[in-house]
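Chemist:
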Amino acid sequence: VQLQAFGGGLVQPGGTLRLSCAASGSILSINNMGWFRQAPGKQRELIATISSGEITNYADSVKGRFTISRDNDKYTVYLQMNSLKPEDTAVYYCNANIRTPARTAPYWGQGTQVTVSS
C-alpha cells in the first residue's frame, strides 16, 4: 500500500491551495484519514481528520480556514486550504488507517511542502 500526496507549493498570504493524497495497493477499506504538518524545528501536529462516516475534526489553528474531505471510490483524501498564513508553512503529510488482506495499520504519505510567503 502506498499513499501519495500532491498539491503543495508556494502561495502568497491569503491565498489558497488544495492538497490531495491517494492510496493505492491491495486495499479492502480505509477508516480514518487525516492530515498532519511539521514546520521547521517543530513537532508534527495533527490538523484535520475525517472518519469513514465523514465526521471531521480540526485543530484550532486551522478551523474555519481548512476543509478536509474524502472520495472513498478513489481512496483519496483532500485538504482545501483557504486564507493561508505564513505560519501555515510546513511539510504536510497525509495519514490513513487502511485495512488490507494482511492487516489493518496506519500508512503515511511522503509529505508535500507548503510555503506561504510574499
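Mapping of the sequence shown onto my numbering: position 7 corresponds to residue 10, and the numbering continues sequentially without gaps.
Glycine included, C-beta positions come from ideal geometry on N, C-alpha and C.
For N87 versus L22, is the C-beta spacing smaller than 8 Å?
Modeler: Numbered from 1 along the sequence shown, position 84 holds the residue referred to as residue 87. Numbered from 1 along the sequence shown, position 19 holds the residue referred to as residue 22. In the sequence as presented, Asn is not what sits at residue 87; that position holds Leu. No; because the gap between Cβ atoms is not below 8 Å, this pair is not in contact.
Chemist: Report the three-state DSSP secondary structure of P89 (helix, strand or coil).
Modeler: In the sequence shown, counting from the first residue as 1, residue 89 sits at position 86. Of the three classes helix, strand and coil, the one that applies to P89 here is helix, per DSSP.
Chemist: In the DSSP output, which residue or residues are listed as bridge partners for Y78?
Modeler: Taking the first residue of the sequence shown as 1, we reach residue 78 at position 75. In DSSP, Y78 forms no bridge with anything.
Chemist: Exposed or buried, what is L13 when buried is set at 16 or more other beta-carbons lying within 10 Å of its beta-carbon?
Modeler: For the purposes of this step, residue 13 is taken as residue 10 along the sequence shown, with counting starting at 1. L13 comes out exposed.
Chemist: My output table needs one value for I101: the three-state DSSP class, helix, strand or coil.
Modeler: Position 98 of the sequence shown, counted from the start, is the residue given in the question as residue 101. In this structure, I101 counts as strand in the three-state DSSP scheme.
Chemist: With a threshold of 16 other CB atoms inside 10 Å of the CB of T19, please say whether the residue is buried or exposed.
Modeler: In the sequence shown, counting from the first residue as 1, residue 19 sits at position 16. Looking at its Cβ environment, which holds fewer than 16 other Cβ atoms inside 10 Å, T19 is exposed.
Chemist: Decide yes or no for the touch test of the region 24-43 against the region 62-82: beta carbon pairs closer than 8 Å, at least 3 of them.
Modeler: Segments in contact, yes.
Chemist: Between which two residues does the beta strand (DSSP E) holding S27 run?
Modeler: Taking the sequence shown and counting its residues from 1, one reaches residue 27 at position 24. Note, S27: beta strand (DSSP E), 20-27.
Chemist: Are the CB atoms of I53 and V80 within a distance shorter than 8 Å?
Modeler: As a working mapping, residue 80 is identified with position 77 in the sequence shown. As a working mapping, residue 53 is identified with position 50 in the sequence shown. Their beta carbons are under 8 Å apart, which means V80 touches I53 by this criterion.
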